[in-house]
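A.B. asks: Taken in order, these protein sequences are the chains called A and B.
Positions 0 to 253 (numbering that gives the first Met the number 0) are the ones given, in order, by the first sequence.
Positions 0 to 253 (numbering that gives the first Met the number 0) are the ones given, in order, by the second sequence.
Cβ atoms here follow ideal geometry from the backbone N, Cα and C, with glycine treated the same way.
As the structure is a prediction and not an experimental result, all values here were calculated from the model.
My questions all concern the structure below.
2 protein chains.
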Amino acid sequence: MNEAPAPEELLSRIRVVLSRPSHPGNIGAAARAMKVMGLTRLYLVTPERFPDAEATARATGAADLLERATVCATLDEALADTIHAVALSARQRDLGPVPQPVRPAVAELLEQAALGEVALVFGNETVGLSNDEVQRCQAAVSIPTNPAFSSLNLGAAVQVLCYEIRMAAYAGQKMPTSPRRVTPNVSRAATLQEQEGFYQHLEEVMIATRFLDPAKPKRLVPKLRRLFGRAKLEIDEVNILRGILTATQTPPRD
Amino acid sequence: MNEAPAPEELLSRIRVVLSRPSHPGNIGAAARAMKVMGLTRLYLVTPERFPDAEATARATGAADLLERATVCATLDEALADTIHAVALSARQRDLGPVPQPVRPAVAELLEQAALGEVALVFGNETVGLSNDEVQRCQAAVSIPTNPAFSSLNLGAAVQVLCYEIRMAAYAGQKMPTSPRRVTPNVSRAATLQEQEGFYQHLEEVMIATRFLDPAKPKRLVPKLRRLFGRAKLEIDEVNILRGILTATQTPPRD
Numbered sequence: 000m001n002e003a004p005a006p007e008e009l010l011s012r013i014r015v016v017l018s019r020p021s022h023p024g025n026i027g028a029a030a031r032a033m034k035v036m037g038l039t040r041l042y043l044v045t046p047e048r049f050p051d052a053e054a055t056a057r058a059t060g061a062a063d064l065l066e067r068a069t070v071c072a073t074l075d076e077a078l079a080d081t082i083h084a085v086a087l088s089a090r091q092r093d094l095g096p097v098p099q100p101v102r103p104a105v106a107e108l109l110e111q112a113a114l115g116e117v118a119l120v121f122g123n124e125t126v127g128l129s130n131d132e133v134q135r136c137q138a139a140v141s142i143p144t145n146p147a148f149s150s151l152n153l154g155a156a157v158q159v160l161c162y163e164i165r166m167a168a169y170a171g172q173k174m175p176t177s178p179r180r181v182t183p184n185v186s187r188a189a190t191l192q193e194q195e196g197f198y199q200h201l202e203e204v205m206i207a208t209r210f211l212d213p214a215k216p217k218r219l220v221p222k223l224r225r226l227f228g229r230a231k232l233e234i235d236e237v238n239i240l241r242g243i244l245t246a247t248q249t250p251p252r253d
Numbered sequence: 000m001n002e003a004p005a006p007e008e009l010l011s012r013i014r015v016v017l018s019r020p021s022h023p024g025n026i027g028a029a030a031r032a033m034k035v036m037g038l039t040r041l042y043l044v045t046p047e048r049f050p051d052a053e054a055t056a057r058a059t060g061a062a063d064l065l066e067r068a069t070v071c072a073t074l075d076e077a078l079a080d081t082i083h084a085v086a087l088s089a090r091q092r093d094l095g096p097v098p099q100p101v102r103p104a105v106a107e108l109l110e111q112a113a114l115g116e117v118a119l120v121f122g123n124e125t126v127g128l129s130n131d132e133v134q135r136c137q138a139a140v141s142i143p144t145n146p147a148f149s150s151l152n153l154g155a156a157v158q159v160l161c162y163e164i165r166m167a168a169y170a171g172q173k174m175p176t177s178p179r180r181v182t183p184n185v186s187r188a189a190t191l192q193e194q195e196g197f198y199q200h201l202e203e204v205m206i207a208t209r210f211l212d213p214a215k216p217k218r219l220v221p222k223l224r225r226l227f228g229r230a231k232l233e234i235d236e237v238n239i240l241r242g243i244l245t246a247t248q249t250p251p252r253d
């Protein structure tokens, strides 16, 4: 086993992704919330207004995070090369990952950050994340709120999670050990792109063999994403699975 | 010993005191942060501007807390009848209480709330709490921040502490401690026999397509078993996977 990465190193591998934010003030508040907890990498997916004076004003000393923010056209672009993404979502979505309480979700995020790039994904202020966006993520997290008034501000949600991340990253300097990862890794975790490459390949084969009718998909793809998402694919496994798919596409030569 | 008060009752005994706040936006953000975590009692000591449209705008659905806020001339007035007050203060003050980490400080606050009225006291955005104000409090709490940029926004600080208070108040009640992503089953778990049927089917396809050479199996099967074993297959998933395998074995009829 390698030495666990230092807390600063772990924090540097965490992207905060704001998908379709409406209010530039919240972008600025998120940047400040991140920096104050030692996170630095802000990704914005089609922000309504950015850059914007209001974002800069609310960021105060964290304007450097706004300057270095990555603006993306799609969530997939923001998640490129990540191995684990956690969606903020209060409720269970159809076939999406089950929202976990904050502390186990943050412990898992840091565990994964020890292996590669990870992301925390926040939705639009009014409508949150779409089902499709949540399905892109391997895990979901829910912040407990007053059931009678659960309207947590976007910047405040970023603050709570970044705070928990800092608390966990520096807790006794020891990484939380997950009870669940029983199988030691044989190879590194597959990146999101590598996973998507597999799903696309699988879909091609399913369509070519008439197993999947694109006109009547019957939720086959989300069901398969859910299955392989639970397993957390390693790169060797993606290669084996794609090898099998390729083999079925190639008629054997005798 | 009496029965411990219910979490809602504990939360109702906690005052959030903002001393000399400069920006009405922060007062509104604090009200929203409180209400979203189930706290209701806001006290304002000589606010620079209050009431104010900006406070109301930032409070959104928590404007009722602003309407019922108690405006005081002095901190002593805001702390009247409390048995325990905790000052937010990053550094040790002359003769003041030693700043505690968040979780022990919040645990103590709730313990005291079981006995009577308590308060959490936040200072001015720029200068924080004065030594005199901190000395009025029985305890102090410090939120960990990035030493290179420790400028936590006032509303964000209120959010973090109210979140921790809610977490602690409901701990052991119903705060789910689920150790692991237990994706709710879409279907029942596959039996061992059903799983074995899938592995056998997969092996047949791998051999037929020449992906697997039975004379040189290269640990392919154990690797695939490890992958699907991690996922814990459900019966629906076994059926889908076997459906795909069957489809690859059957040439499409046009």
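Which residues in chain A sit within 8 Å of V159/B, going by Cβ to Cβ distance?
C.D. replies: In chain order: Q158, V159, Y162.
A.B. asks: When you compare the CB of D235/B with every CB in chain A, is at least one pair closer than 9 Å?
C.D. replies: D235/B counts as touching chain A.
A.B. asks: Are the segment 90-98 of chain B and the segment 45-60 of chain B touching, with three or more C-beta to C-beta distances below 8 Å?
C.D. replies: Contact fails: fewer than three Cβ-Cβ distances are below 8 Å.
A.B. asks: Just how far apart, CA to CA, sit A168/B and T144/A?
C.D. replies: Their Cα atoms are separated by approximately 12 Å.
A.B. asks: Quick one: does Y169/B have its CB under 9 Å from some CB of chain A?
C.D. replies: With 9 Å as the cut-off, Y169/B counts as an interface residue toward chain A.
A.B. asks: Comparing the CB of I164/B with every heavy atom of the ligand NAD, is any distance shorter than 8 Å?
C.D. replies: By its list of ligands, the structure shown contains no ligand whatsoever, and the ligand NAD lies outside what it can speak to.
A.B. asks: Against F210/A, what residues of chain B qualify as contacts under a CB-to-CB distance less than 7 Å, listed in chain order?
C.D. replies: Neighbours of F210/A on chain B, chain order: G242, I243, A246.
A.B. asks: Give me the chain A residues within the contact set of V204/B, using Cβ-Cβ distance strictly less than 9 Å, ordered along the chain.
C.D. replies: Here the neighbours are I243, A246, T247.
A.B. asks: Classify I239/B as helix, strand or coil using the three-state DSSP reduction.
C.D. replies: Note: I239/B maps to helix in three-state DSSP.
A.B. asks: Based on Cα-Cα distance, which residue from A147/A, L128/A, I13/A lies nearest to L38/A?
C.D. replies: Comparing Cα-Cα distances from L38/A to each of A147/A, L128/A, I13/A, the minimum goes to I13/A.
A.B. asks: Just list the alpha helix (DSSP H) runs in the segment 184-219 of chain B, keeping only unbroken ones of 4 residues or longer that don't cross its boundaries, in chain order.
C.D. replies: You should have 191-207.
A.B. asks: Give a yes or no on whether 9 Å exceeds the smallest Cβ distance from R31/A to chain B.
C.D. replies: It does: the Cβ of R31/A has a partner Cβ on chain B nearer than 9 Å.
A.B. asks: Tell me, please, which residues DSSP counts as bridged to P98/B.
C.D. replies: P98/B pairs with A139/B.
A.B. asks: Suppose contacts are defined by Cβ-Cβ distances below 9 Å. Is V44/A in contact with V85/A by that definition?
C.D. replies: Taking 9 Å as the Cβ cut-off, V44/A and V85/A do not qualify as a contacting pair.
A.B. asks: Compare the C-beta of N25/B against all C-beta atoms of chain A and say whether one is closer than 9 Å.
C.D. replies: N25/B does not count as touching chain A.
A.B. asks: Measuring only the C-alpha atoms, how far is L151/A from G127/A?
C.D. replies: Taking the straight line joining both Cα atoms gives about 11 Å.
A.B. asks: Give the interface partners of T144/A over in chain B, defined as CB-CB distance under 7 Å, in chain order.
C.D. replies: The contacting residues are V35, M36.
A.B. asks: Find the nearest neighbour of K222/B within the set L219/A, I82/A, A3/A, I239/A, judged by alpha-carbon distance.
C.D. replies: Closest option to K222/B, Cα to Cα, is I239/A.
A.B. asks: Taking 9 Å as the threshold (beta carbon to beta carbon), is F227/B in contact with chain A?
C.D. replies: Judged by the 9 Å Cβ criterion, F227/B is in contact with chain A.
A.B. asks: Looking at chain A, is there any beta carbon in it that lies within less than 9 Å of the beta carbon of G154/B?
C.D. replies: Yes, G154/B lies at the interface with chain A (some Cβ there is under 9 Å from its Cβ).
A.B. asks: In this structure, does DSSP put F49/A in helix, strand or coil?
C.D. replies: Three-state result, F49/A: coil.
A.B. asks: Who are the neighbours of S149/B on chain A, taking C-beta pairs under 9 Å?
C.D. replies: Going along chain A in sequence order, the residues near S149/B (Cβ under 9 Å) are V35.
A.B. asks: Is it true that the CB of I142/B sits closer than 9 Å to the CB of V159/B?
C.D. replies: Their beta carbons are under 9 Å apart, which means V159/B touches I142/B by this criterion.
A.B. asks: Kindly say whether V101/B, judged by its beta-carbon, lies nearer than 9 Å to any beta-carbon of chain A.
C.D. replies: For V101/B, the answer is yes, since a Cβ of chain A falls inside 9 Å of its Cβ.
A.B. asks: Could you check which residue in A32/A, M36/A, T69/A, E76/A has the C-alpha nearest to that of F49/A?
C.D. replies: Out of A32/A, M36/A, T69/A, E76/A, T69/A has the C-alpha closest to the C-alpha of F49/A.
A.B. asks: Counting only Cβ-Cβ distances shorter than 8 Å, please list the residues of the segment 212-223 of chain A near chain B, keeping chain order.
C.D. replies: Of all residues in the segment 212-223 of chain A, L219, K222, L223 have a Cβ within less than 8 Å of some Cβ in chain B.
A.B. asks: Near T81/B, what residues of its chain come up, given a Cβ to Cβ distance below 8 Å and the 5 sequence neighbours on each side ignored?
C.D. replies: Counting only Cβ-Cβ distances below 8 Å, and skipping sequence neighbours, we find R14, G115, E116, V117, A118.
A.B. asks: Just the chain A side, please: which residues come within less than 9 Å of I13/B by C-beta, in chain order?
C.D. replies: None at all; the shortest Cβ gap to chain A is about 13 Å.
A.B. asks: Between the segment 33-65 of chain A and chain B, which residues of the former have CB atoms less than 8 Å from a CB of the latter, in chain order?
C.D. replies: Residues passing the 8 Å Cβ filter: K34, V35, M36, G37, T59, G60, A61.
A.B. asks: DSSP has E257/A in a bridge; who is on the other side?
C.D. replies: The requested residue 257/A is not part of the displayed model; chain A covers only 0 to 253.
A.B. asks: Counting contacts by CB-CB distance shorter than 9 Å, is A230/A in contact with chain B?
C.D. replies: Taking Cβ atoms only, chain B reaches closer than 9 Å to A230/A, which makes this a yes.
A.B. asks: Nearest to P216/A by alpha carbon, out of L226/A, R225/A, M205/A?
C.D. replies: Ranking the options by Cα distance to P216/A, first place goes to M205/A.
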